[in-house]
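Heads up: the sequence shown at position 321 corresponds to 321 in UniProt numbering, and the numbers run straight through without jumps.
Glycine included, C-beta positions come from ideal geometry on N, C-alpha and C.
Beneath this line is the structure, given in structure tokens, with notes to follow.
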Amino acid sequence: MGQRENIILFPKWRTALEEESLLALKEKRFAEALEKLNELLSYQVNSFEIVSGKLICLIELDRHKEAQDICEDVLHRQDKHYYHYLHIYLTILFQTNQYEMLMEQVEEEFKFHQVPQVLKEQFHQLYEMSRKLKADMLVEHQSVFMEEWDDAITTRDYQKQWLIIEKLRVIKSEPNRKMLHLLVKEDIHPVVKTAILMWLQEIDYNQLVDIKKWGRSIQVHPLEIEAIGKHASVKRINSIINELEQKNPTLYDLLVKLLYHYMYVKYPMLPVKEEAEHIALALKAIGANYLNINLSESGKQLDVNDYIEDIERCEALYSSIIEDN
Numbered sequence: 001m002g003q004r005e006n007i008i009l010f011p012k013w014r015t016a017l018e019e020e021s022l023l024a025l026k027e028k029r030f031a032e033a034l035e036k037l038n039e040l041l042s043y044q045v046n047s048f049e050i051v052s053g054k055l056i057c058l059i060e061l062d063r064h065k066e067a068q069d070i071c072e073d074v075l076h077r078q079d080k081h082y083y084h085y086l087h088i089y090l091t092i093l094f095q096t097n098q099y100e101m102l103m104e105q106v107e108e109e110f111k112f113h114q115v116p117q118v119l120k121e122q123f124h125q126l127y128e129m130s131r132k133l134k135a136d137m138l139v140e141h142q143s144v145f146m147e148e149w150d151d152a153i154t155t156r157d158y159q160k161q162w163l164i165i166e167k168l169r170v171i172k173s174e175p176n177r178k179m180l181h182l183l184v185k186e187d188i189h190p191v192v193k194t195a196i197l198m199w200l201q202e203i204d205y206n207q208l209v210d211i212k213k214w215g216r217s218i219q220v221h222p223l224e225i226e227a228i229g230k231h232a233s234v235k236r237i238n239s240i241i242n243e244l245e246q247k248n249p250t251l252y253d254l255l256v257k258l259l260y261h262y263m264y265v266k267y268p269m270l271p272v273k274e275e276a277e278h279i280a281l282a283l284k285a286i287g288a289n290y291l292n293i294n295l296s297e298s299g300k301q302l303d304v305n306d307y308i309e310d311i312e313r314c315e316a317l318y319s320s321i322i323e324d325n
């Protein structure tokens, strides 16, 4: 129901609605109470009692997402009821297993605000319970994912391997030795190896790892490897194809995507800066072919057939595992 800015709610009607809604709330007729509270809110009767009453109804009706959205909105106002709303908000996060978000919120409150003494202990308890439950949930998820992982390795289901790594990355898990050993195995997909390496970077893995890829074996420190976008060759290639951003945005977007896919599959053994011009020309040739357009290139002619084959091979490898939106 929308706002009724130009319609006056008569005092008697307002009082009747407030009493009826609070009675329905008290008697746990939450759907009925919510309907009456929404009517009051549509007339901009948005006192703390009305808003908090609506939040209680939504929570009891298992409409937690709506309740969370309202809490986040009212918390931005920083009014005198801030900590009452915050308590409700933290309760919603706890009930919906959003432990990480709850802990971050409590940490921020303790660091930057003066939390009322009466709520400090309650917030601390919520924090500690969330920390424990998060740890328990992590162990449980890890166990399930590792069972799936063993099955994916046995069946050589590379796409499933990549998806499991993504799941483990999201829950900030750490790879075991068996997973790290996959970086040197010949039969592991290059995309999967890249995913493992980027996962190590995200969790600040502070040890050397061995990796074998494209016929080369190297030892790397994940935190010391440049991100793809910051690598010298990638920067140089981007500077060359940048001219197309205004001339042909469709082609430019395609080349940027192809370049990232190429480097992702190659990572961390990326081409040297001196190869940038060849790779840029190869990308343009592939892009022009994909889009069925003619692209005249001025300047010196370079033999880029090997690069075209390499980029197309890496594109096929990338697309076989990762489905871009």
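- Using a C-beta cut-off of 8 Å, the region 79-90 makes contact with the region 105-118, since at least three inter-stretch Cβ pairs fall below that distance.
- In the DSSP assignment, Ser217 falls within the unbroken beta strand (DSSP E) covering 216-220.
- Pairing Leu291 with Leu254 gives a Cβ-Cβ distance under 8 Å.
- Taking 8 Å as the cut-off, the beta carbon of Gln95 is found closer than this to the beta carbon of His64.
- Where Val106 is concerned, the enclosing alpha helix (DSSP H) starts and stops at 99-112.
- DSSP lists no beta-bridge partner residue for Val272.
- Just so you know, the alpha carbons of Ala227 and Pro268 end up roughly 9 Å apart.
- By the Cβ neighbour-count rule, His231 is buried, with 16 or more other Cβ atoms within 10 Å of its own.
- Around Ile188, the same chain offers Leu182 as residues with beta carbons nearer than 7 Å, after the five sequence neighbours per side are excluded.
- When the beta-carbon positions are compared, Trp149 and Gln159 stay at least 8 Å from each other.
- Positions of the alpha helix (DSSP H) runs, each at least 4 residues long and wholly inside the region 4-41, are given as 11-26 in order along the chain.
- Of all C-beta pairs linking the region 196-204 to the region 233-241, fewer than three are shorter than 8 Å, placing the two stretches out of contact.
- Taking 8 Å as the cut-off, the beta carbon of Pro222 is found closer than this to the beta carbon of Leu200.
- Within its own chain, the residues whose Cβ lies closer than 6 Å to the Cβ of Leu93, once the five positions on either side in sequence are excluded, are Met101, Leu102, listed in chain order.
- When the beta-carbon positions are compared, Leu40 and Ser52 stay at least 8 Å from each other.
- Excluding the 5 residues flanking it on each side, Phe48 has same chain C-beta neighbours closer than 6 Å at His81, in chain order.
- Note on geometry: alpha-carbon atoms of Leu197 and Gln105 lie some 30 Å from one another.
- At a cut-off of 4 residues, the continuous stretches assigned as alpha helix (DSSP H) that sit fully inside the region 156-222 are 158-170, 177-181, 190-202.
- By the C-beta density criterion, Lys132 is exposed, having fewer than 16 other C-beta atoms within 10 angstroms.
- In the three-state DSSP reduction, Tyr318 falls in the helix class (H, G or I).
- Our two residues, Val74 and Met129, have alpha carbons roughly 25 Å apart in a direct line.
- Counting along the chain, Ala67 sits inside the alpha helix (DSSP H) bounded by residues 64-75.
- With a 10 Å radius around the Cβ and a threshold of 16 neighbouring Cβ atoms, Leu55 comes out buried.
- Judged by beta-carbon spacing, Val191 lies within the 8 Å limit of Ile321, meaning their Cβ atoms are closer than that value.
- DSSP places Leu119 in the helix class (H, G or I) of the three-state scheme.
- Just measuring C-alpha positions, the residue of Asn305, Lys266, Val272, Arg77 sitting nearest Lys235 is Val272.
- Ile59 is the residue among Lys212, Ile59, Pro11, Lys12 whose C-alpha sits nearest the C-alpha of Ala33.
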